[in-house]
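Q: Mind having a look at this structure? Questions to follow.
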Amino acid sequence: MAKSATFGVMHLGIAFGVSYALTGSITIAGAITLVEPLVNTVAHYFFDRWWGHPALTARLKAIQARWARRAPEAAPA
């Protein structure tokens with residue numbers, strides 16, 4: 001948990017620093033620093049729903065099986 005919290009604080013610091021470097025405005029940098037994680041959290045929720053969708057899971061398994069058939073056999077040592 002401490003690692004995740006530390007990473008979150010680091011992410012906010014980097015977001016603020018980059019935003020400030022690009023805009024030169026503390027207000028805009030602060031707004032971006034607060035809004036970006038919120039948007040990212042909502043996007044992550046929908047991404048997880050999409051990623052766990054049965055149709056996508058079946059498609060990924062089919063692709064994996066196709067690639068496994070194409071893989072060359074290991075050469076004897």
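Counting from 1, position 37 in the sequence shown corresponds to residue 37 in the UniProt record's numbering; the numbering is continuous, with no gaps.
Heads up, the beta-carbon is just placed ideally off N, CA and C, and yes, glycines get one too.
Given Phe7, which residues of its chain have a CB within under 7 Å of its CB, disregarding the five upstream and five downstream residues?
A: Within the same chain, Phe7 has no close Cβ partners at all.
Q: Could you check whether the region 29-41 touches the region 8-20, counting it as contact only if at least three pairs of C-beta atoms, one from each stretch, sit closer than 8 Å?
A: The answer is yes - the region 8-20 touches the region 29-41, with three or more Cβ pairs under 8 Å.
Q: Counting along the chain, where does the alpha helix (DSSP H) carrying Ser25 start and finish?
A: Premise fails: Ser25 is in no alpha helix (DSSP H) and is neither H nor E.
Q: Step through the CB atoms of chain B and report whether any lies within less than 8 Å of the CB of Arg49.
A: Protein chain content of the structure displayed is limited to a single chain, and chain B is not contained in it.
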